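Last residue of the sequence shown? That's 784 in our numbering, and every number before it is there in order.
Cβ coordinates follow ideal geometry from the N, Cα and C atoms, glycine included.
Keep in mind it's a predicted model, so treat the numbers as computed, not measured.
A quick write-up on the structure given underneath.
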Amino acid sequence: MEKLNVFRDKKGIEKVTLLMILFTISLLMGCNNSISKGKKVDYIEVVKLSDNKKWTFLEKDEIDKFIKALDDKEKFNGKFEIRTPDYSVDIYFKNKSKESYSLWLGEEDNIQGILMDENTIWYIDKKSNPTLRKLLS
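The following block contains the structure:
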């Protein structure tokens, strides 16, 4: 029985190299889709725009839940008109940088939320809406 050796010829080495490059690129793209982009979050401030009620999340557990819910999103390619956001979200990182977002959650748990920064719009998965609504109640 002959052992398979992908390194036996130049084509095998090229295939393995190509697979490694594609894997690395997909990992990097997946990391960039995260709200935190690999940075450590210090705290999160959320303001409900209708009444200026403010939440500040300092505990790691709450921060992790909030970030995880926001990361459960799909990019929207296009433009549309939308009402005033429900919330403004500022995420402060340990390196003293800040990311700002607008957030729409609506009144019901079974609808998709919308997250937007200056350049990009994302739909938040329906299953993450209850988590965000609970944190903001």
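Touching by the beta-carbon criterion (3+ pairs, under 8 Å), the segment 723 to 734 and the segment 706 to 713: Flag = no, the segment 723 to 734 and the segment 706 to 713 do not touch.
Cut-off 7 Å between Cβ atoms - residues of its own chain near Ile758, not counting five sequence neighbours on either side: Excluding residues within five positions, the ones whose Cβ falls inside 7 Å are Lys773, Asn776.
Where do the N-terminal and C-terminal ends of the alpha helix (DSSP H) with Lys687 fall, by residue? Per DSSP, Lys687 lies in no alpha helix (DSSP H) and is assigned neither H nor E.
Can you give the beta carbon distance from Lys687 to Lys741, rounded, assuming they're within the 8 Å contact cut? The Cβ separation is near 4 Å, so the contact holds.
Spatial neighbours of Tyr770 within its chain, please: C-beta separation below 7 Å, excluding the five flanking residues on both sides. Here the set comprises Lys720, Glu721, Phe723, Gln759, Ile761.
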